[in-house]
Amino acid sequence: MKFSMFGDFLTRYQEVLRDPGVRSLRGPAYALALWGALLTVPGQVLEDKEDEYGPYGRTLRAWWVALRVTYYDYLPDISMDTGRSVARYCRASFGACLASCKRTYAVIQFVCWLLLLVLSLAVHLPLACYDLLEFGLCRVVGVVILLLTLNSVNLYFRWVGWGMEVSAAICLVGVVAHLCRIGDVEGRVQQTTPRAVMENALNSMRTCSSARRRREAANLR
Numbered sequence: 011m012k013f014s015m016f017g018d019f020l021t022r023y024q025e026v027l028r029d030p031g032v033r034s035l036r037g038p039a040y041a042l043a044l045w046g047a048l049l050t051v052p053g054q055v056l057e058d059k060e061d062e063y064g065p066y067g068r069t070l071r072a073w074w075v076a077l078r079v080t081y082y083d084y085l086p087d088i089s090m091d092t093g094r095s096v097a098r099y100c101r102a103s104f105g106a107c108l109a110s111c112k113r114t115y116a117v118i119q120f121v122c123w124l125l126l127l128v129l130s131l132a133v134h135l136p137l138a139c140y141d142l143l144e145f146g147l148c149r150v151v152g153v154v155i156l157l158l159t160l161n162s163v164n165l166y167f168r169w170v171g172w173g174m175e176v177s178a179a180i181c182l183v184g185v186v187a188h189l190c191r192i193g194d195v196e197g198r199v200q201q202t203t204p205r206a207v208m209e210n211a212l213n214s215m216r217t218c219s220s221a222r223r224r225r226e227a228a229n230l231r
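Those letters in the sequence shown? Residues 11 to 231, per this note's numbering, in order.
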């Protein structure tokens, strides 16, 4: 490179640095302007003095133009576009993973509610049957008389071999039912009934569904 050409470059660089528009820039905008001037000024000088430098100047100008287009016009834009695309992809991937986790949690929650309902039925269904039996036989005395009568008849005629076991199970359920009535002062046993479990499960699913619809509507905006 000729020294006169290098001097022309420095002169033009000084003009750019003294430009009020460039001096008013701050931060990344100022750095980008200096970077653009570094790659643009040589091409402008060589274009203005094409007759002076001849074919050598035209060749060198083509190289500077290629550098400016690659590293100033193209590379920063493609870098920012790539960065924005990667950021959007990361946000979308995180949102998809979060949505999958929440749907998995919803499925697990449904299974847990179903198991809790089955457990509630297994506990409260025998209690309900005993309450109906006791109501139909005029309280505990009628149940005791019925069991004694059936066991006595079964002992004589030998209808079944598991009559005593059934009577013991009924007595056990009756004891549990009366203990629940006596000890359920705060109504906690009523909160474990199948109806209460179903109500809580429906309320929980409605809440989760409403929250999911709000999230999906917000993502579509």
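Even glycine gets a Cβ: it sits at the ideal position worked out from N, Cα and C.
Beta-carbon proximity check, residue i vs residue j, cutoff 7 angstroms
i      : j      : result
Leu147 : Val153 : yes
Phe19  : Val55  : yes
Leu49  : Leu77  : yes
Ala187 : Leu137 : yes
Arg71  : Val51  : no
Val183 : Tyr115 : no
Trp123 : Ala178 : no
Ala47  : Leu35  : no
Val3   : Cys190 : Examination of residue 3 is not possible in this model, given that the chain is present from 11 through 231 alone.
Secondary structure of residue i, DSSP reduced to three states
i      : result
Ser237 : In the structure as shown, the chain starts at 11 and stops at 231, and residue 237 therefore has no counterpart that could be examined.
Leu126 : helix
Leu35  : coil
Asp83  : helix
Lys59  : coil
Asp141 : helix
Leu48  : helix
Leu147 : coil
Arg68  : helix
Arg113 : helix
Arg28  : coil
Rounded C-alpha distance that separates residue i from residue j
i      : j      : result
Tyr66  : Tyr99  : 47 angstroms
Trp172 : Ser110 : 52 angstroms
Phe120 : Arg222 : 15 angstroms
Leu143 : Ala228 : 55 angstroms
Tyr40  : Asp83  : 16 angstroms
Gly53  : Pro30  : 22 angstroms
Leu165 : Val185 : 24 angstroms
Thr217 : Leu108 : 18 angstroms
Arg168 : Leu158 : 14 angstroms
Ala102 : Ser95  : 10 angstroms
Val150 : Ser162 : 18 angstroms
Val117 : Leu135 : 26 angstroms
Thr69  : Val79  : 16 angstroms
Val170 : Met215 : 47 angstroms
Arg225 : Trp74  : 51 angstroms
Leu85  : Lys112 : 40 angstroms
Gly197 : Ser219 : 29 angstroms
Ile155 : Asn213 : 45 angstroms
Glu57  : Gly93  : 35 angstroms
Quiz item: Between the segment 117-134 and the segment 195-205, do at least 3 Cβ pairs fall closer than 8 angstroms?
Solution: yes
Quiz item: Fully enclosed by the segment 149-217, which alpha helix (DSSP H) runs are 4 residues long or longer?
Solution: 149-167 and 173-193
Quiz prompt | Given 8 angstroms, three or more beta-carbon pairs between the segment 83-92 and the segment 58-65 | solution = no
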